[in-house]
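Okay, so here's the structure we're looking at.
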């Protein structure tokens with residue numbers, strides 16, 4: 005017998021697991037602020053936080069986070085079969101599945117999201133670096149890329165909305181062209 | 005001197021050019037209806053039309069349509085340089101740029117959008133087939149793929165919203181998890 | 005202490021696990037033959053088999069197969085944490101991570117690969133259907149999409165090589181333009 | 005009457021047009037060297053040049069370059085219709101079609117290619133910066149992203165081959181797992 009999982013249950017699980025893995029909404033919003041404030045001097049941290057929360061409501065992003073954190077946790081406990089266990093544990097640069105899973109959601113937020121994701125993946129800003137270099141027995145092979153994906157998506161979302169707002173202020177009326185809605 | 009183009013001007017141009025190239029909103033909505041009505045018996049044509057209009061408000065989709073229709077029109081008039089003129093005119097199956105441009109927007113609507121796009125590109129339903137086989141001097145190399153992209157995106161959007169609605173009706177409260185918003 | 009896993013060990017594991025999950029190279033080659041023989045009347049099954057083997061040598065494809073079969077197997081044993089366990093077990097149509105993981109490799113073989121993947125995902129030909137409908141306790145949520153990805157990639161590879169060959173036969177000399185090399 | 009364009013004619017046109025637009029193979033190879041030499045101290049400029057040439061033989065990359073340079077040239081001459089003319093001429097950051105067209109090919113070279121592309125698009129190294137800031141009447145809206153795509157693909161190709169070579173030297177025998185072949 006199969007049960008249908010509600011969106012609420014999924015949202016709650018994503019939040020709880022992110023917290024357990026050491027990532028707060030504020031950590032992600034900080035990256036968004038760093039990425040977007042140069043282009044948007046009036047940007048406030050709460051706008052960034054709102055944008056992160058909106059991205060985290062998207063179904064496929066939630067699922068990707070659940071899959072990625074599950075694989076990281078299983079690798080941490082040594083519960084994956086070989087050779088996958090060694091590949092995930094070593095955060096092997098040519099592994100690729102971590103970026104692929106993360107990229108799925110990024111592509112939904114337009115080309116700025118993709119280039120920001122590439123940049124974050126290479127520069128490893130803020131919480132992404134902390135996850136990437138975490139000492140000892142922790143494995144964050146999937147989570148660092150997924151956080152880069154959330155931050156890049158939230159950044160692109162702000163860039164598009166900022167542009168919409170500029171136009172509205174210029175009297176062109178509301179036209180939420182950025183929204184995938 | 006560079007001028008900033010307003011979203012309104014872009015929206016209007018997309019509508020006008022689609023009309024000139026022989027594509028109505030209703031043509032696209034018909035494909036959406038055909039794709040989604042088997043999963044959703046209460047679906048109405050006006051829901052499909054609304055979904056198409058929402059997809060057409062997305063900035064990158066509008067830009068892709070402008071680029072694609074421009075290249076088709078230039079090829080029709082023989083104004084592209086060789087060998088691109090021959091490649092576009094012949095709708096060469098290994099050309100690829102038509103699908104790439106169309107895929108950019110599809111990826112934003114989740115994996116159902118991608119598989120529906122692949123299906124439409126192969127089956128060429130409704131207006132897509134009419135564009136693909138249009139007699140004489142017309143070139144629709146880019147437009148048929150772009151219409152498949154709009155229809156696939158609008159279909160995926162309906163599938164996600166239908167699921168949200170099911171959950172709300174089950175008392176799980178509003179949780180617009182499908183929206184990239 | 006981290007060990008570097010050799011390509012040979014990964015290739016062997018992929019083959020062994022595909023066999024354990026009930027998929028033979030011949031099953032995949034049959035889909036490729038069905039997809040490509042209409043365009044290429046001289047196509048032989050052994051060409052399709054060769055193409056499948058070449059696709060399976062690609063590093064990211066191998067990794068994706070290992071990740072997908074691991075998640076399927078864990079779900080079969082009830083070893084994933086909730087709510088992921090229920091999502092994977094139910095092969096929930098809006099789950100999306102299965103297609104995303106599969107799409108990563110498809111995108112490497114050009115736009116024909118993407119549209120063929122979409123088509124296979126919807127039509128569920130041959131072994132893909134057998135996996136999708138397998139009775140009882142089996143879970144193939146990830147594997148059916150991954151097999152569609154291998155078959156679509158191998159099909160696109162043949163389409164490109166067939167075109168190269170046509171040109172060589174026409175005296176244009178070898179120019180393996182299809183090869184990502 | 006439609007003529008089939010030979011791969012040789014396309015390759016020649018790509019080379020000639022890149023030269024006309026001010027881009028040499030050496031310019032692109034320099035970016036590849038800068039990206040990959042930190043990970044591979046024995047890397048020589050001629051390896052980078054070879055890798056660029058291999059990427060430029062891929063059919064969809066050639067087509068994307070022809071489309072992009074055509075649109076840039078038409079915009080330079082003011083020959084696109086409005087509002088596309090203004091969008092391309094202004095290299096509008098939210099335009100997106102330039103990155104989408106470039107991304108198609110990048111995705112074929114694995115996740116390292118995607119992150120390198122994102123990095124190059126943001127940092128604008130070497131010839132990419134020179135194109136991006138070219139004075140006066142030149143338009144390189146599409147070309148700078150396409151060059152980033154070629155350089156990122158050639159870099160990823162080197163990273164995969166370097167890893168293959170390491171394994172061969174360790175006695176694991178040839179196993180060109182990186183090749184999309």
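Chains as they are written, first to last, in the working numbering: chain A, 5 to 185; chain B, 5 to 185; chain C, 5 to 185; chain D, 5 to 185.
Even for Gly, the Cβ is constructed at its ideal location relative to N, Cα and C.
Closest residue to residue i among the options (Cα-Cα distance)
i             : options                   : result
residue 149/A : 79/A, 100/A, 64/A         : 100/A
residue 187/A : 75/A, 158/A, 170/A, 169/A : Residue 187/A is absent from the structure shown; chain A starts at 5 and stops at 185.
residue 75/C  : 162/C, 25/C, 107/C        : 25/C
residue 164/D : 64/D, 57/D, 114/D         : 114/D
residue 151/A : 98/A, 11/A, 66/A          : 66/A
residue 135/A : 18/A, 32/A, 10/A          : 32/A
residue 112/D : 166/C, 40/C, 64/C         : 64/C
residue 8/D   : 45/B, 20/B, 89/B          : 89/B
residue 19/C  : 126/C, 127/C, 59/C        : 59/C
residue 43/A  : 141/A, 166/A, 127/A       : 166/A
residue 168/B : 53/A, 40/A, 61/A, 41/A    : 61/A
residue 94/C  : 57/C, 53/C, 40/C, 141/C   : 141/C
residue 39/B  : 173/C, 126/C, 57/C        : 126/C
Distance CB(residue i)-CB(residue j) smaller than 8 Å
i             : j             : result
residue 143/A : residue 80/A  : yes
residue 153/A : residue 110/A : yes
residue 122/B : residue 122/C : yes
residue 97/B  : residue 13/D  : no
residue 51/D  : residue 162/D : yes
residue 117/D : residue 55/D  : no
residue 78/D  : residue 84/D  : yes
residue 171/D : residue 11/C  : yes
Supposed contact pair residue j and residue i - C-beta distance, whole angstroms, cut 8 Å
i             : j             : result
residue 103/A : residue 119/D : 7 Å
residue 47/B  : residue 37/B  : 7 Å
residue 129/A : residue 35/A  : 5 Å
residue 108/C : residue 68/C  : 6 Å
residue 132/B : residue 124/B : 6 Å
residue 105/C : residue 105/A : 6 Å
For the region 34-72 of chain C, which segments carrying the alpha helix (DSSP H) assignment without a break, of at least 4 residues, lie completely within its bounds, in sequence order? 49-60
Just to confirm the assignment: which complete alpha helix (DSSP H) runs, minimum length 4, are found wholly within the region 66-111 of chain A? 88-93, 101-110
Along the chain, which unbroken stretches of the alpha helix (DSSP H) at least 4 residues long are found entirely within the region 114-181 of chain D? 115-127, 130-136, 145-171
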